[in-house]
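Only one structure is covered here, and it is reproduced in the block below.
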Amino acid sequence: MTTRSAARDPARPADPLPDVAAGPRLSRRTLLVGTAGLTVGALAAGSARAQHDMVADATRPTGMTSGIGSLSNRAYPVPLEGQNDIAHDPADLPGPLMREAPATVRVELETVELEARLDNRASYRFWTFNGSVPGPFLRARVGDTIELHLSNRDDSWMMHNIDLHAVTGPGGGAEATNCAPGESAGFRARALKPGLFVYHCAVPPVALHMSSGKYGMILIEPDEGLPPVDREFYVMQGEVYTAESFGTEGLLTEDFDKLMNERPEYFVFNGHVAALTEHYPMQARVGETVRIFFGVGGPNHVSSVHLIGSIFERVYLNGDVVSPPQQSVQTVVVPAGGAAILEAKFDVPGRFVLVDHALSRVERGLAAYIEVTGPENPDIFAPLV
Ligand SMILES: [Cu+2]
């Protein structure tokens, strides 16, 4: 099938009534609200595709015929000045919790849809929590009560919600937080188990919401907390499925066929190409130990995380902070919708590169730098001269 697009032409009014052929006249909001009752199970029945097509039909400018007039055929230069940037600074996360008793943690999240930089040639319409990819790093303690409030901005096109893997309850909170544009909802939940957990939007097609950027992580600290380290970072891997080939210039549009076939054009750390190399390279000093909270928002591809030029001292595999960490590890498998806590100590200065060792993905945008400064340590490494 020819690709269709839900992307918006900037010249078009923000909320047009769709012209749906051979069917009742429906407003976009009617379609969006109509997704509220769908569950992940509905995906298997094929309704995800129908759902996507409905939305695509509803947002296609009047006069465009299916497929032939796809917005994905349109390309124009993206001005780099003033472009939105959804990249999440990996150093932007709350510090360790110092309290020793459970508390109520209030979390406020807002879903924001916006066109933003995909790389230095292209932009893309991202769907985000709080305007960044990944969304905010949430931090609570086992036994805490999480009071989560989700609001969906009224300029959104889509319905959204949140499923936290740390939450025990229907849909991980998704059923209680279905929000049409302009709506708010929430729930209260006890953090029963410690660990590092992914959260994501779970409105069908869930894979489309996740590949558009709607994921993040929540750490539930164990009673005793995690051992202290010098620095902590927050990194998530994602995929972007554009109709256009990797490297195309312009406003790119999503491709549902590629998404269903799990063939992304872009792989990204923290939202866009070069987010963690050009914009926010991680910084450390010789002798320091860093901890990386690493997760896969995906939605589809397992990551084989590797830090070029280093060996992980400790790895909390699968985000499990109850079992002792693995030690002295080269490459860590992190499943789709999963996480790991990676710790490395830097003995020499230089640029260390975090990659998925499925290295074709580097060529599609997936790399992160850790810039380590400080004195040389020739006992450990020195070039022959
Ligand atoms: Cu969503």
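Quick note: the sequence shown uses my numbering, first residue 72, plus one each step.
Cβ coordinates follow ideal geometry from the N, Cα and C atoms, glycine included.
Small disclaimer: the values here were computed from a predicted structure and weren't measured.
Report yes or no: do three or more beta-carbon pairs, one from the region 334–341 and one from the region 249–266, lie closer than 8 Å? By the C-beta criterion, the region 334–341 is judged not to be in contact with the region 249–266, since fewer than 3 inter-stretch pairs fall below 8 Å.
His271 lies in the beta strand (DSSP E); which residues open and close that run? Sequence index remark: in the sequence shown, residue 271 carries index 200 (1-based). Its beta strand (DSSP E) spans residues 266–271.
Applying the criterion that 16 or more other CB atoms from any shown protein chain within 10 Å of the CB defines a buried residue, is Asp179 buried or exposed? The count along the sequence shown starts at 1 and reaches residue 179 at position 108. According to the sequence shown, residue 179 is Glu rather than Asp. Answer is exposed; the Cβ neighbour count stays below 16.
Output the residues surrounding ligand 1, defined as those with a CB atom closer than 5 Å to any ligand heavy atom, in chain order. With the cut-off at 5 Å, the residues found are His231, Cys272, Val274, His280, Lys285.
How many Å lie between Leu425 and Glu434 at the Cα? Indexing the sequence shown from 1 puts residue 425 at position 354. Indexing the sequence shown from 1 puts residue 434 at position 363. The straight-line gap from Cα to Cα measures roughly 14 Å.
Compute the beta-carbon to beta-carbon distance between Phe197 and Leu209, rounded to the nearest angstrom, for a pair I have assumed lies under 8 Å. Walking along the sequence shown from the start, residue 197 turns up at place 126. Walking along the sequence shown from the start, residue 209 turns up at place 138. Contact flag wrong, Cβ pair sits at about 19 Å.
From Arg224, Leu164, Ala407, Gly214, residue whose alpha carbon lies closest to that of Pro293: For the purposes of this step, residue 293 is identified with residue 222 of the sequence shown, where counting begins at 1. For Pro293, the nearest C-alpha among the options comes from Gly214.
Give me the Cβ distance between Leu322 and Ser194, rounded to the nearest whole Å; I'm assuming they're in contact under 8 Å. On the sequence shown, residue 322 is found 251 positions in, with the first residue counted as 1. On the sequence shown, residue 194 is found 123 positions in, with the first residue counted as 1. Between Ser194 and Leu322 the Cβ distance is about 5 Å, and since that is below 8 Å, they are a contact.
At a cut-off of 8 Å, is Phe197 close to ligand 3 when judged by its beta-carbon and the heavy atoms of the ligand? Here the bound small molecules are ligand 1; ligand 3 is not part of this structure.
Out of Val404, Ser222, Lys416, Gly296, state which residue places its alpha-carbon closest to the alpha-carbon of Leu168. Here residue 168 corresponds to residue number 97 of the sequence shown, with the count starting at 1. Leu168 has its Cα closest to that of Gly296, out of Val404, Ser222, Lys416, Gly296.
Own chain residues within Cβ distance below 8 Å of Val149, not counting five before or after: Taking the first residue of the sequence shown as 1, we reach residue 149 at position 78. Confidence in Val149 is poor, its pLDDT being 47 and thus under 50, which makes the residue's placement too unreliable to answer from.
Cβ of Thr313 within 9 Å of Cβ of Asp326? In the sequence shown, counting from the first residue as 1, residue 313 sits at position 242. In the sequence shown, counting from the first residue as 1, residue 326 sits at position 255. A distance below 9 Å separates the beta carbons of Thr313 and Asp326.
For Asn371, the nearest candidate out of Ala237, Met230, Val419, Val405 (CA to CA): Counting from one through the sequence shown, the residue named residue 371 turns up at place 300. Checking every option, the nearest Cα to that of Asn371 belongs to Val405.
With DSSP run on the structure shown, which of helix, strand or coil describes Gly243? Walking along the sequence shown from the start, residue 243 turns up at place 172. It is helical.
Secondary structure of Asn223, DSSP reduced to three states: Start at 1 with the first residue of the sequence shown, and residue 223 comes out as number 152. Strand at Asn223.
Alpha carbon to alpha carbon, how far is Glu218 from Thr248? Mapped onto the sequence shown, residue 218 falls at position 147. Mapped onto the sequence shown, residue 248 falls at position 177. The straight-line gap separating the alpha-carbon atoms of Glu218 and Thr248 is approximately 12 Å.
Compare the Cα-Cα distances from Val400 to each of Ile451, Asp427, Ala415 and report the closest residue. As a working mapping, residue 400 is identified with position 329 in the sequence shown. From the listed residues Ile451, Asp427, Ala415, the smallest Cα separation to Val400 is found for Ala415.
Whose C-alpha, out of Lys285, Gly368, Leu290, Ile363, is nearest the C-alpha of His377? In the sequence shown, residue 377 corresponds to position 306, counting from 1. The shortest Cα separation from His377 among Lys285, Gly368, Leu290, Ile363 belongs to Ile363.
Report, in whole angstroms, the separation of the C-beta atoms of Asp418 and Val357, which I expect to be a contact under 8 Å. Residue numbering aside, residue 418 sits at position 347 when the sequence shown is read from its first letter. Residue numbering aside, residue 357 sits at position 286 when the sequence shown is read from its first letter. Between Asp418 and Val357 a beta carbon distance of about 7 Å is seen, short of the 8 Å cut, so the two are scored as contacting.
How close, in whole Å, do the beta carbons of Gly409 and Gly436 come, if the pair is a contact with beta carbons under 8 Å? By 1-based counting over the sequence shown, the position of residue 409 is 338. By 1-based counting over the sequence shown, the position of residue 436 is 365. Actually they do not touch by this definition, with Cβ atoms about 21 Å apart.
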